[in-house]
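Asker: Each residue of the sequence shown is one higher than the last, beginning at 1 in my numbering. Each residue gets a CB set at the ideal place from its N, CA and C atoms; glycine is no exception. Only a predicted model underlies this, so the values are computations on that prediction, with no experimental measurement involved. I have a structure here, written as structure tokens, and I will follow up with some questions on it.
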Amino acid sequence: MDASTYAGKLADSLGGAGLVFPMAEHEARLAAVHAAMAGNELDLLLISHHCDLNWLTGYDGFGVGNHAVLALPREGAPLLHSTTMEIPAAVMNTWIEDIVLGSWAHPGGMGGELAKLLKTRGLDRGRIGLQPRRAGLRADTYQALLGGLDGADPVDASDLVGRLRLVKSPAEIDCLRRAAAITEAGVAASFAAIGPGATDNDIVRAGFDAMLAAGSDFLAIQPIATTGVRTGGGHQTHRRVPLVEGDLVFLEYGGNFKRYTAPLMRMASFGAPPDGADKVVEACLATLQAVLDGVRPGRSCDDVAREARAAHRAVDDESYIAGVYGYHVGVGYPPTWADSIGFIAEGVEDELRPGMTFHLPLAFRLPGRFGIGISETILVTEDGCEALTSYPRELRRIAV
1 MDASTYAGKL
11 ADSLGGAGLV
21 FPMAEHEARL
31 AAVHAAMAGN
41 ELDLLLISHH
51 CDLNWLTGYD
61 GFGVGNHAVL
71 ALPREGAPLL
81 HSTTMEIPAA
91 VMNTWIEDIV
101 LGSWAHPGGM
111 GGELAKLLKT
121 RGLDRGRIGL
131 QPRRAGLRAD
141 TYQALLGGLD
151 GADPVDASDL
161 VGRLRLVKSP
171 AEIDCLRRAA
181 AITEAGVAAS
191 FAAIGPGATD
201 NDIVRAGFDA
211 MLAAGSDFLA
221 IQPIATTGVR
231 TGGGHQTHRR
241 VPLVEGDLVF
251 LEYGGNFKRY
261 TAPLMRMASF
271 GAPPDGADKV
281 VEACLATLQA
291 VLDGVRPGRS
301 CDDVAREARA
311 AHRAVDDESY
321 IAGVYGYHVG
331 VGYPPTWADS
341 IGFIAEGVED
351 ELRPGMTFHL
361 PLAFRLPGRF
371 GIGISETILV
381 TEDGCEALTS
391 YPRELRRIAV
């Protein structure tokens with residue numbers, strides 16, 4: 001059968017069956033997007049960022065590199081332009097009825113094809129919002145789309161939906177709580193796997209298996225584990241390295257529930273920790289506590305970051321910290337669980353609001369020696385914040 005027949009049969013049997021939130025939730029989100037469009041005088045919004053697509057429509061699949069764009073007019077029904085490979089993501093997992101498919105084998109033609117489709121539907125005029133600063137739209141697709149919409153007024157609306165996603169609904173917060181429990185199961189299993197003869201791969205395998213057993217969906221970032229001097233390098237992970245007595249073990253895991261991730265960093269030492277580690281652990285915990293104490297509605301991210309910076313001055317000369325004390329988390333797809341739209345950092349004047357959720361990635365790297373990373377995922381409450389992750393924070397000492 002051809003793609004159209006397959007899509008039709010799938011719609012008849014399983015159309016919308018994969019939606020993980022009730023339609024009332026999606027209707028509220030749609031109303032919020034329409035209101036934001038009106039406030040920005042947009043006639044059409046083209047949503048290409050995978051996380052935004054999922055949040056608004058339910059679109060879900062791990063083919064995040066494949067073309068998918070929602071054409072949302074300020075008035076009227078939306079149109080989803082996807083590929084022949086992602087039919088289930090569009091048909092099974094969304095509430096969208098108007099789905100048009102392009103060839104998976106010819107991704108370079110998607111921009112021109114979408115432009116023609118919008119002209120056919122009379123959606124090629126007025127102010128059209130696009131997402132050039134968000135992942136999801138290839139550069140050639142973007143250029144072809146602009147060239148084909150020469151009668152429109154293109155507007156950068158990269159963050160319009162992302163800003164709406166910052167404050168989570170009760171249903172989303174529940175997903176993050178579930179994700180946090182999954183993450184903690186992974187950390188506990190990995191710590192239990194630390195012992196003589198183990199490698200960093202063995203440690204990761206135990207945590208990965210435990211998170212899947214606890215109900216995790218596919219992860220936005222694979223489990224991160226480093227040992228020994230490699231803990232001093234950020235964004236590194238397992239590489240078949242055997243544990244050696246005196247090694248530190250760094251874990252950063254993010255269990256996923258219905259695409260929501262609650263990340264967590266924790267540390268262990270295999271035998272006695274290296275000289276100076278306890279001092280850095282103390283500074284890391286003090287910095288984390290400063291953020292937890294400082295986060296509350298009405299304050300700016302800059303306010304909190306400046307207070308946090310003061311808490312780690314004792315180790316500033318010997319360690320590197322990236323300067324980000326928190327970043328928004330929520331819906332996440334590979335290659336990241338971070339929203340990459342809001343940070344607790346100096347110079348960021350965004351106001352904290354109840355319902356926002358952050359990962360606080362406190363990591364101190366001492367090159368050639370070791371690294372210390374301890375974090376929490378938090379929810380901004382009406383009068384402060386709550387840690388959704390609750391695994392013990394101290395350096396776990398494991399006997400040789």
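Check residue 129 in the structure and name its three-state DSSP category.
Answerer: Correct three-state label for residue 129: strand.
Asker: If the criterion is Cβ atoms closer than 8 Å, does the pair residue 59 and residue 172 meet it?
Answerer: It is not a contact, given that the beta carbons lie outside the stated cut-off.
Asker: Can the beta-carbon of residue 361 be found less than 8 Å from the beta-carbon of residue 265?
Answerer: The answer is yes: Cβ separation under 8 Å.
Asker: Could you tell me which of 394, 48, 120 and 99 sits nearest to residue 134, measuring between CA atoms?
Answerer: For the residues 394, 48, 120 and 99, the minimum Cα distance to residue 134 belongs to 48.
Asker: So the alpha helix (DSSP H) residue 55 belongs to, where does it begin and stop?
Answerer: Run containing residue 55: 50-57, per the alpha helix (DSSP H) assignment.
Asker: Excluding the 5 residues flanking residue 322 on each side, which residues of the same chain have their C-beta closer than 6 Å to its C-beta?
Answerer: So the list is empty, once near-sequence residues are dropped.
Asker: Please work out which residues of its chain come closer than 7 Å, Cβ to Cβ, to residue 347, disregarding the five sequence neighbours upstream and downstream, and give them in chain order.
Answerer: Taken in chain order, the residues that qualify are 302.
Asker: According to DSSP, simplified to helix, strand and coil, what is residue 269?
Answerer: Of the three classes helix, strand and coil, the one that applies to residue 269 here is strand, per DSSP.
Asker: If we count the other Cβ atoms within 10 Å of its Cβ and call it buried at 16 or more, is residue 342 buried or exposed?
Answerer: With 16 or more other Cβ atoms within 10 Å, it is buried.
Asker: What's the call for residue 213, buried or exposed, on a 16-neighbour Cβ count within 10 Å?
Answerer: Exposed, because fewer than 16 other Cβ atoms sit within 10 Å of the Cβ of residue 213.
Asker: In the DSSP assignment, what residue or residues form a beta bridge with residue 300?
Answerer: The partner list for residue 300 (beta bridge, DSSP) reads 351.
Asker: Taking 8 Å as the limit between beta carbons, can you name the residues of its chain near residue 390, skipping five residues before and five after?
Answerer: 180 and 184, listed in sequence order.
Asker: Check this for me: beta carbons of residue 161 and residue 55, under 8 Å apart or not?
Answerer: Yes. Within cutoff.
Asker: DSSP three-state call for residue 287: helix, strand or coil?
Answerer: Helix.
Asker: Taking only three categories from DSSP, how would you classify residue 250?
Answerer: It is a strand residue.
Asker: Looking at the structure shown, is residue 120 part of a helix, part of a strand, or coil, going by DSSP?
Answerer: Reduced to three states, the DSSP call for residue 120 is helix.
Asker: Taking the alpha carbon of residue 335 as the point to measure from, which residue in 65, 35, 199 and 5 has its own alpha carbon closest?
Answerer: Measuring from the Cα of residue 335, the nearest candidate turns out to be 65.
Asker: For residue 120, count the other beta carbons within 10 Å of its own beta carbon; 16 or more makes it buried, fewer makes it exposed. Which is it?
Answerer: Exposed is the call here.
Asker: Pairs of beta-carbons, one from the region 1-17 and one from the region 83-102, closer than 8 Å: are there three or more?
Answerer: Short answer: they touch.
Asker: Mind listing, in chain order, the continuous beta strand (DSSP E) runs of no fewer than 3 residues lying wholly within the region 329-395?
Answerer: List check, beta strand (DSSP E) in window: 336-344, 357-366, 370-380 and 385-387.
Asker: Could you have a look at residue 238 and say whether DSSP puts it in helix, strand or coil?
Answerer: Correct three-state label for residue 238: coil.
Asker: Residue 306 to residue 387, Cα distance in whole Å?
Answerer: Spanning the two alpha carbons is a distance of roughly 20 Å.
Asker: In terms of residues, what are the limits of the beta strand (DSSP E) holding residue 5?
Answerer: Looking at the DSSP string, residue 5 is not in any beta strand (DSSP E); the run it does join, the alpha helix (DSSP H), is 3-14.
Asker: Rounded to the nearest angstrom, what separates residue 124 and residue 10 at their Cα positions?
Answerer: Roughly 30 Å between the two C-alpha positions.
Asker: Taking only the alpha-carbon atoms, compute the straight-line gap between residue 109 and residue 84 and give it to the nearest angstrom.
Answerer: Roughly 13 Å separates the two Cα atoms.
Asker: Threshold first: 3 residues or longer. Then list the beta strand (DSSP E) segments lying entirely within the region 22-109, N to C.
Answerer: List check, beta strand (DSSP E) in window: 44-47, 69-73, 79-83 and 99-102.
Asker: Quick one: give me the first and last residue of the beta strand (DSSP E) that residue 224 is part of.
Answerer: It spans 224-227 - the beta strand (DSSP E) in which residue 224 sits, taken as one unbroken run.
Asker: Quick check: what's the CA-CA separation for residue 2 versus residue 8?
Answerer: In a straight line, the C-alpha of residue 2 is about 10 Å away from that of residue 8.
Asker: Is the beta carbon of residue 384 less than 8 Å from the beta carbon of residue 296?
Answerer: Against a cut-off of 8 Å, the Cβ pair of residue 296 and residue 384 comes out as a contact.
Asker: Going by C-alpha to C-alpha distance, which of 243, 291 and 170 sits closest to residue 199?
Answerer: It is 243 whose Cα lies nearest to the Cα of residue 199.
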